[in-house]
Amino acid sequence: MVLQKVDLPATTVEPNVRRLIGDAESRLQRYYDRSVLSEQQRVGRSDFYQVAEALAGLRVVLGPDPRFAEWGSGFGINTCVAALLGYQAVGIELDPELVSYSRQLATDYQLSATFWQGNFLPAEARQLLDPVDRIWITSLEGGEVYAAETCSLQDFDVIFAYPAPGETRFLFDVFEQFAAADTRLISFHGGGEMRVQQKVVVRGAADGGQQ
Ligand SMILES: C[S@@+](CC[C@H](N)C(=O)[O-])C[C@H]1O[C@@H](n2cnc3c(N)ncnc32)[C@H](O)[C@@H]1O
Numbered sequence: 001m002v003l004q005k006v007d008l009p010a011t012t013v014e015p016n017v018r019r020l021i022g023d024a025e026s027r028l029q030r031y032y033d034r035s036v037l038s039e040q041q042r043v044g045r046s047d048f049y050q051v052a053e054a055l056a057g058l059r060v061v062l063g064p065d066p067r068f069a070e071w072g073s074g075f076g077i078n079t080c081v082a083a084l085l086g087y088q089a090v091g092i093e094l095d096p097e098l099v100s101y102s103r104q105l106a107t108d109y110q111l112s113a114t115f116w117q118g119n120f121l122p123a124e125a126r127q128l129l130d131p132v133d134r135i136w137i138t139s140l141e142g143g144e145v146y147a148a149e150t151c152s153l154q155d156f157d158v159i160f161a162y163p164a165p166g167e168t169r170f171l172f173d174v175f176e177q178f179a180a181a182d183t184r185l186i187s188f189h190g191g192g193e194m195r196v197q198q199k200v201v202v203r204g205a206a207d208g209g210q211q
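Following our numbering, the numbering of the sequence shown begins with 1 at its first residue and continues without gaps.
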């Protein structure tokens, strides 16, 4: 299996999606304004418009009712956008307060997005962590959420991840080893860089072979 870059059809972000993102960003700002966290302590957030564009592009090429999971869904904005675009969307987030804000956003927009409070890393994935990896946002705490929700990472067609610098190799390895073949990975890397990749089987080569 390898990760292969996916080229997406050009799409625009529809006004209803823009409205949701605009309102959600204002809520996020109010949350930060009330928070005791300093600017430096706040975890990054993706460019929700860029992610929405990728989700809309993938929606064109995927079949009906694709299943989406956001690893570390924060305020739940990408997950709510995915639900608005017709995905069966699940946000996975450790912080119960953020899960509660996310559920409120989904309720206010009458979206069927689901939020699971727990760890998005499959239990066995932790062994992929190399001691040289600098893990500072992805938490290794607690049990995996999939067993608790009686599902598997293999059940999703699209995963979104926002690896901190130093975490990219680890999260890509987790995706490559535990997601199903053909699953798409949208990853946001800060500085406006976003990648869309797909897990593909290389014909005629053993797993891990080169293309
Ligand atoms: C960089 S923020 C990204 C938030 C959102 N996905 C976005 O793109 O704007 C990372 C989020 O992941 C959560 N998180 C970190 N490690 C996690 C884990 N192993 N399982 C679930 N959530 C995790 C943090 O609490 C934080 O809300």
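Glycine included, each C-beta is placed from N, C-alpha and C at the ideal position. Only a predicted model underlies this, so the values are computations on that prediction, with no experimental measurement involved.
Does ligand 1 have even one heavy atom less than 7 Å from the beta-carbon of residue i?
{"i": "I159", "result": "no"}
{"i": "I137", "result": "yes"}
{"i": "R45", "result": "yes"}
{"i": "L98", "result": "yes"}
{"i": "G63", "result": "no"}
{"i": "E93", "result": "yes"}
{"i": "E70", "result": "yes"}
{"i": "S26", "result": "no"}
{"i": "N16", "result": "no"}
{"i": "F120", "result": "yes"}
{"i": "G74", "result": "yes"}
{"i": "F175", "result": "no"}
{"i": "Y146", "result": "no"}
{"i": "F115", "result": "no"}
Between the Cα of residue i and the Cα atoms of the options, which residue gives the shortest distance?
{"i": "S102", "options": "A24, D130, Q127 and E53", "result": "A24"}
{"i": "D130", "options": "E141, D155, I137 and E167", "result": "E167"}
{"i": "P165", "options": "S187, T183 and V196", "result": "S187"}
{"i": "A123", "options": "Y32, V174 and D95", "result": "V174"}
{"i": "A52", "options": "R34, G44 and L85", "result": "L85"}
{"i": "D95", "options": "P15, W71 and Y87", "result": "W71"}
{"i": "R27", "options": "L105, L55 and R126", "result": "L105"}
{"i": "F68", "options": "D33, L185 and V61", "result": "L185"}
{"i": "A181", "options": "V158, G190, H189 and G191", "result": "V158"}
{"i": "H189", "options": "G44, T150, P66 and V60", "result": "G44"}
Where residue i and residue j are concerned, what is the direct C-alpha to C-alpha distance, given to the nearest angstrom?
{"i": "G209", "j": "E176", "result": "Annotation note: pLDDT 45 at G209 (below 50); position unreliable, coordinate value reported separately. Using only the alpha carbons, I get a separation of about 13 Å."}
{"i": "L128", "j": "F160", "result": "19 Å"}
{"i": "F172", "j": "R203", "result": "21 Å"}
{"i": "S73", "j": "Q198", "result": "21 Å"}
{"i": "I135", "j": "A89", "result": "26 Å"}
{"i": "E193", "j": "D108", "result": "30 Å"}
{"i": "K5", "j": "R195", "result": "8 Å"}
{"i": "S112", "j": "F156", "result": "16 Å"}
{"i": "R18", "j": "T12", "result": "10 Å"}
{"i": "D207", "j": "T183", "result": "Only weak support is given to the placement of D207: the predicted model assigns it a pLDDT of 49, under 50, and the value that follows is read from those uncertain coordinates. Taking the straight line joining both Cα atoms gives about 16 Å."}
{"i": "V60", "j": "T150", "result": "29 Å"}
{"i": "A10", "j": "D33", "result": "36 Å"}
Using a Cβ-Cβ cut-off of 7 Å (strictly less than) and excluding sequence neighbours within five positions of residue i, which residues of its own chain qualify?
{"i": "L153", "result": "P122, Y146, F178 and A179"}
{"i": "I21", "result": "F48, Y49, A52, I77 and V81"}
{"i": "G91", "result": "E70, S73, G76, T79, S102, A113 and F115"}
{"i": "R30", "result": "none"}
For residue i, I'd like the list of residues in its chain whose CB is within less than 8 Å of its CB, leaving aside the five on either flank, ordered along the chain.
{"i": "F170", "result": "L128, L129, D130, D133, I135, T138 and P163"}
Specify whether the stretch 71-87 and the stretch 44-56 touch according to this definition: at least 3 beta carbon pairs, one from each stretch, less than 8 Å apart.
-> yes
Below 8 Å, can you find three or more Cβ-Cβ pairs linking the stretch 104-124 to the stretch 139-147?
-> yes
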